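First residue of the sequence shown: 1284, per the working numbering; consecutive thereafter.
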Amino acid sequence: MIKCLILEDEKPAQEVLQNYIDKTPFIDCIGIYESGLDITQEQLQQADILFLDIQLPELSGLSYLKTIVNPPKVIVTTAYSDYAVDAFEENVLDYLVKPFSYERFFKAITRARSQLQVDHKETDTSLYLYADKTIYKITIDDILYLKAEVDYVKVVTKEKAILILDSLRNWEEKLFNSNFIRIHRSYIINIDKIDKIYGNQVFISDEILPIGKVFKDDFFKRIGYSS
């Protein structure tokens, strides 16, 4: 379970974040504060993520962040877009401009979860995907392939296809150490799910997927085939 802290001085914004956290099955809020001066070092050490507002009384969010040694992952939540450059210079993970949707929140939090798993060398193969106001839990091994759909990615398993707001490049990075490979500008496939390869096509389940020229050599090298 991911533990988070909220540093936000506006009650409505606190309530929105708490509501979003309550809807998300893998995150728990361990404290809500209006000033960074009230957060103890022990609480910071317990937290995996800090939701950080910028406009705060006494000490601004970014000024507070500069005082923390080994801070948790930071997701900025603010009504102002002007501070984005300064925030990313402090290595924040994401920058959410109010009002932000649950979908945008979920994208940020799943990105944080992925980074935390890498940092902690965890082997959890479960994924949580948000689509159609529903959170779906799947395992990486169940994925047959992924297809780019303009600003969305279709995640296809044997049982279902889930269309999520994301990019194929993000998924390429997320699945880098898994048994997946990009075979086309629009497709990433699970190598274990290949039924056969014929010409420049891959057959997976009932689907026929193209192999792009740019990706062909790397793909055949990955599966140990040389023509």
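C-beta: ideal position from N, C-alpha, C; glycine also. Everything numeric in this text was worked out from a predicted model, so none of it was measured.
Spatial neighbours of residue 1450 in its chain, beta-carbon cut-off 6 Å, leaving aside the 5 residues before and after
Along the sequence shown, read from residue 1 onward, the residue named residue 1450 stands at position 167. None.
Buried or exposed: where does residue 1374 fall if 16 or more other Cβ atoms within 10 Å of its Cβ makes it buried?
By 1-based counting over the sequence shown, the position of residue 1374 is 91. By the 10 Å Cβ count, residue 1374 comes out exposed.
Secondary structure of residue 1448, DSSP reduced to three states
Translated into positions along the sequence shown, residue 1448 becomes position 165. Note: residue 1448 maps to strand in three-state DSSP.
Use the C-beta contact count for residue 1466: other C-beta atoms within 10 angstroms, 16 or more gives buried, fewer gives exposed.
For the purposes of this step, residue 1466 is identified with residue 183 of the sequence shown, where counting begins at 1. Buried, by the Cβ-count rule.
Using the C-alpha atoms, what's the distance from residue 1506 back to residue 1479?
Position 196 of the sequence shown holds residue 1479. Position 223 of the sequence shown holds residue 1506. In a straight line, the C-alpha of residue 1479 is about 12 Å away from that of residue 1506.
From 1455, 1388, 1481, 1460, pick the residue whose C-alpha is nearest to that of residue 1470; which is it?
Taking the sequence shown and counting its residues from 1, one reaches residue 1470 at position 187. If we check each option's Cα against that of residue 1470, 1455 comes out closest.
Once DSSP output is grouped into helix, strand and coil, what is the label at residue 1311?
The count along the sequence shown starts at 1 and reaches residue 1311 at position 28. Under the three-state reduction of DSSP, residue 1311 is assigned to strand.
Would you be able to state if there are at least three C-beta pairs under 8 Å between the stretch 1287-1303 and the stretch 1331-1345?
yes
At what residue ranges does the stretch 1324-1401 contain a whole run of the beta strand (DSSP E), taking only runs of 3 or more?
The qualifying runs are 1332-1335, 1356-1361, 1377-1380.
Would the stretch 1382-1391 count as touching the stretch 1420-1429 if we require 3 or more Cβ pairs under 8 Å?
no
Does the beta-carbon of residue 1297 have 16 or more other beta-carbons within 10 angstroms, so that it is buried, or is it exposed?
Taking the sequence shown and counting its residues from 1, one reaches residue 1297 at position 14. So residue 1297 ends up on the buried side.
Inter-stretch contact (C-beta, 8 Å, three-pair minimum) for the stretch 1307-1324 and the stretch 1335-1343
Judged by Cβ distances under 8 Å, the stretch 1307-1324 makes contact with the stretch 1335-1343, as three or more pairs qualify.
Buried or exposed, going by whether 16 or more other CB atoms sit within 10 Å of the CB of residue 1473?
Against the sequence shown, residue 1473 aligns to sequence position 190. Buried.
Pull up the DSSP beta-bridge partners for residue 1430, would you.
Walking along the sequence shown from the start, residue 1430 turns up at place 147. Bridge partners of residue 1430: 1437, 1470.
Tell me whether the beta-carbon of residue 1337 lies closer than 7 Å to the beta-carbon of residue 1366.
Translated into the one-based positions of the sequence shown, residue 1337 becomes position 54. Translated into the one-based positions of the sequence shown, residue 1366 becomes position 83. Contact: yes.
From 1457, 1291, 1355, pick the residue whose C-alpha is nearest to that of residue 1401; which is it?
Walking along the sequence shown from the start, residue 1401 turns up at place 118. Ranking the options by Cα distance to residue 1401, first place goes to 1457.
For the beta strand (DSSP E) containing residue 1494, name the first residue and the last one.
Position 211 of the sequence shown, counting from 1, holds the residue named residue 1494. It is not in any beta strand (DSSP E) - residue 1494 carries neither H nor E in the DSSP assignment.
Using a Cβ-Cβ cutoff of less than 7 Å, which residues in the same chain neighbour residue 1487 once the five nearest sequence positions on both sides are dropped?
The residue labelled residue 1487 in the question sits at position 204 within the sequence shown. If we look at residue 1487 and ignore the five residues flanking it on each side, its Cβ neighbours are 1427, 1428, 1472, 1476, 1477, 1478.
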